[in-house]
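Number of protein chains: 2
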Amino acid sequence: MIEKLIQKIEETKAPIVAGLDPMLKFIPKAILQKAFAEQGETLEGAAQAVWEFNKGIIDAIYDLIPAVKPQIAMYEQFGIPGLMAYKKTVDYCKEKDLVVIGDVKRGDIGSTSAAYAAGHLGRVQVGSQSYAPFDEDFVTVNPYLGTDGVKPFVDVCKEHNKGLFVLVKTSNPSSGEFQDRLVDGRPLYEWVGEKVDEWGRDHMGKKYSYIGAVIGATYPEMGKTLRKLMPQTFFLVPGYGAQGAKGADLVNFFNEDGLGAIVNSSRGIIAAYQQEAYAAYGEDGYSQASRKAVEDMTADIRQALESV
Amino acid sequence: MIEKLIQKIEETKAPIVAGLDPMLKFIPKAILQKAFAEQGETLEGAAQAVWEFNKGIIDAIYDLIPAVKPQIAMYEQFGIPGLMAYKKTVDYCKEKDLVVIGDVKRGDIGSTSAAYAAGHLGRVQVGSQSYAPFDEDFVTVNPYLGTDGVKPFVDVCKEHNKGLFVLVKTSNPSSGEFQDRLVDGRPLYEWVGEKVDEWGRDHMGKKYSYIGAVIGATYPEMGKTLRKLMPQTFFLVPGYGAQGAKGADLVNFFNEDGLGAIVNSSRGIIAAYQQEAYAAYGEDGYSQASRKAVEDMTADIRQALESV
């Protein structure tokens, strides 16, 4: 799956992932009104609005980008109907040949991590039958519980040609509270990064491992250090746009081959029409505003990479 | 909700939480066969078997214990039907007046953590209506992302009288890989524990905070240190039974008032009939085997606490 991701990045020339993190406040009124008219102001109504909003965006941008990253929390908040919309979104993106990174940040111990891994990346056995319930291509994983929390995910990835992005240094303001604490003179995130590199050696593609890392765009200096520390690890880089990082900040996350990182933007893409720069598209043109935002983001990152 | 938990611990004299972590291999053949006959060997069939298995156990033990802890991974692995069985289990346990600790180990940043919190503990707004999609009483939370990952959960807890158990020192063998690393001469889990204590002061019950901590029974010496460091924090203590900890190991996790901790056992209770000690109950008597296992566990812990 890392090979497919790299191939699609090379085809689209866009090391970009669109974060499908729909909040109701991002959704144009016409879509909300239609969904509520059909389903009422219910969880089902919210889920329908989310799905129709997503579909509009996916249809408008799928040819420009290699991958999407639906954030499951934004669906899970609407309970079972919300999770059905998540599944529908995953399936539809796969139909469009997009690589799907499920941003689930799961992580537990032993058989429990194995259950998450089976449900999201692998197959679950029911009597003589087996099923792939969510079937994302990659998921994000939290490393706080250590190797026996992550290893069951790696095992399932190996069996089913899937991949992970393990949280190393997150993009949020207080990520440093624990992640930056010095252990034997080096920040914890470096130790976590080394473990990710170690787990990843067990499941290599041609040049990069199937086991990637999440490194926030908001910390470019740390990205530089980690890039050297983990040359074979692909980075999923959140924090571009709404969280403040710009194209020039991103150079540190890439290798000299122009690969090694994929940059996420969520509301910067999906709620582009609510920003001044794309306001002219209006609510009706929300999906075309998203397309333009993807084109601008791609140009910004390409320019930054070319000017190195 | 922490007051309700404490009141129920005092009523039942059992500082015990039953981990509802059903795996198909724990479920008696008769239940599986009936579910597969009605629903086929499908995700729906698995979910029905899980639900009927749970119901039998809940009916057999609800009067003996204050709380249950369903592990959402064991349901999520069966996709949407599995998550429907999770929700049904949560609702049924609440009908039986059990405190429900959703073992979801979620954790993200800002608005994403807020979405998880709304979906699991609070309410989500849809137009003019609001809903409580999962509505557990407590959930477990992963602290790796720091204060701005946990604070949105705390805010929702305050608004809705709910609580958290934040991972501090987990029960698994490799929990020490990151959690035990020394930061300024003290292990990381102590720093995390202090933060949990700090977050918890913002949402206090009479004596204990609504914001608790997960501390593995398998590390009793560390439990002792943390007990002193966090006197107002309630501990959720996994690792009893199947993971190796015994009653005598647990004394360190309690305060002198006999409170301050609730000990989880999962397969030790729900799959008791598969153990030699309870094999005489047979598959048909699986729920009564679970009842006996709860009684034995309660006696073991009470004896240990009284012998201090």
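Sequence lines, in order, name chains A and B. Heads up, this note's numbering is the position in the first sequence plus 7, with the first residue counted as 1. Heads up, this note's numbering is the position in the second sequence plus 7, with the first residue counted as 1. All residues carry an ideal CB built from backbone N, CA and C; glycine is no exception. On a predicted model such as this, the values are computed, not experimentally measured, just so you know.
Please list, in chain order, the chain B residues whose beta carbon lies closer than 9 Å to that of residue i.
{"i": "Ser135(A)", "result": "Glu48"}
{"i": "Leu174(A)", "result": "Tyr151, Leu152"}
{"i": "Pro140(A)", "result": "Leu50, Glu83, Gln84, Phe85, Gly86, Ile87, Pro88, Gly89"}
{"i": "Phe43(A)", "result": "Val133, Gly134"}
Assuming residue i is part of the beta strand (DSSP E), what are its boundary residues?
{"i": "Ile218(A)", "result": "218–222"}
{"i": "Gly114(B)", "result": "First-last for Gly114(B): undefined, no H or E at that position."}
{"i": "Ser137(A)", "result": "136–138"}
{"i": "Thr147(B)", "result": "145–148"}
{"i": "Ile23(B)", "result": "23–27"}
{"i": "Lys213(A)", "result": "From DSSP, Lys213(A) is part of no beta strand (DSSP E); its letter is neither H nor E."}
{"i": "Gln46(B)", "result": "Run containing Gln46(B): none in the beta strand (DSSP E); it sits in the alpha helix (DSSP H), 36–46."}
{"i": "Gln281(B)", "result": "Neither: Gln281(B) is in no beta strand (DSSP E) and is coded neither H nor E."}
{"i": "Val133(A)", "result": "131–133"}
Just checking: is the beta-carbon of residue i within a distance shorter than 8 Å of some beta-carbon in chain A?
{"i": "Gln239(B)", "result": "no"}
{"i": "Asn271(B)", "result": "no"}
{"i": "Glu184(B)", "result": "yes"}
{"i": "Thr232(B)", "result": "no"}
Strictly under 8 Å for the Cβ-Cβ distance: is residue i near chain B by that measure?
{"i": "Pro280(A)", "result": "According to the sequence provided, residue 280(A) is Tyr. The question's Pro does not apply to it. Not one chain B Cβ lies under 8 Å of Tyr280(A)."}
{"i": "Pro159(A)", "result": "no"}
{"i": "Pro77(A)", "result": "no"}
{"i": "Thr177(A)", "result": "yes"}
{"i": "Thr19(A)", "result": "no"}
List the residues of chain A that residue i touches, going by C-beta distances under 7 Å, in chain order.
{"i": "Ala53(B)", "result": "Val133"}
{"i": "Thr3(B)", "result": "Since the first residue of chain B shown is 8 and the last is 315, residue 3(B) is not available in this structure."}
Just curious, the alpha helix (DSSP H) that residue i is in, first and last residue?
{"i": "Phe160(B)", "result": "154–167"}
{"i": "Val203(A)", "result": "195–208"}
{"i": "Gly289(A)", "result": "Where Gly289(A) is concerned, there is no enclosing alpha helix (DSSP H), given that its DSSP letter is neither H nor E."}
{"i": "Glu227(A)", "result": "Glu is not the amino acid found at residue 227(A); the sequence shown has Pro there. 227–236 is the extent of the alpha helix (DSSP H) around Pro227(A)."}
{"i": "Thr19(A)", "result": "9–19"}
For a contact defined as C-beta to C-beta under 8 Å, what are the partners of residue i on chain A?
{"i": "Tyr123(B)", "result": "Ala80, Glu83, Gln84"}
{"i": "Gly126(B)", "result": "Ala80, Glu83, Gln84, Phe85, Gly86, Gly89"}
Using a cut-off of 8 Å between C-beta atoms, extract the partners of residue i located in chain B.
{"i": "Lys3(A)", "result": "Here chain A covers residues 8 to 315 and nothing more, so residue 3(A) does not appear."}
Please list, in chain order, the chain A residues whose beta carbon lies closer than 9 Å to that of residue i.
{"i": "Thr305(B)", "result": "Those within 9 Å of Thr305(B) in chain A number zero; the least Cβ separation is about 25 Å."}
Residue i touches chain B at which residues, Cβ-Cβ below 7 Å?
{"i": "Thr225(A)", "result": "The contacting residues do not exist; Thr225(A) stays about 11 Å from chain B at best."}
Please tell me whether residue i has its Cβ less than 8 Å away from any Cβ of chain D.
{"i": "Pro227(A)", "result": "Absent from the structure: chain D. Protein chains present are A and B."}
Legend entry - Start-end ranges of the alpha helix (DSSP H) lying completely within the region 240–272 of chain B, minimum 4 residues: Taking only runs of at least 4 residues, the alpha helix (DSSP H) segments lying wholly in the region 240–272 of chain B are 254–257.
Inset, instruction - Enumerate, from N- to C-terminal direction, the unbroken beta strand (DSSP E) stretches of 3 or more residues contained entirely within the region 59–100 of chain B. - result: The qualifying runs are 74–77.
Inset, instruction - Mind checking the region 188–217 of chain B against chain A and listing, in chain order, the residues whose C-beta falls within less than 9 Å of any C-beta there? - result: Across the region 188–217 of chain B, CB contacts with chain A closer than 9 Å involve Arg188, Leu189, Val190, Asp191, Leu195, Trp198, Val199, Lys202, in sequence order along the chain.
Legend entry - Residues in the region 83–109 of chain B having any Cβ partner in chain A nearer than 9 Å: Hits within the stretch, in order: Glu83, Gln84, Phe85, Gly86, Ile87, Pro88, Gly89, Leu90, Met91, Lys94.
Inset, instruction - At 3 residues or longer, and completely inside the region 168–194 of chain B: list those beta strand (DSSP E) runs for me, N to C. - result: Whole beta strand (DSSP E) segments, 3+ residues: 170–176.
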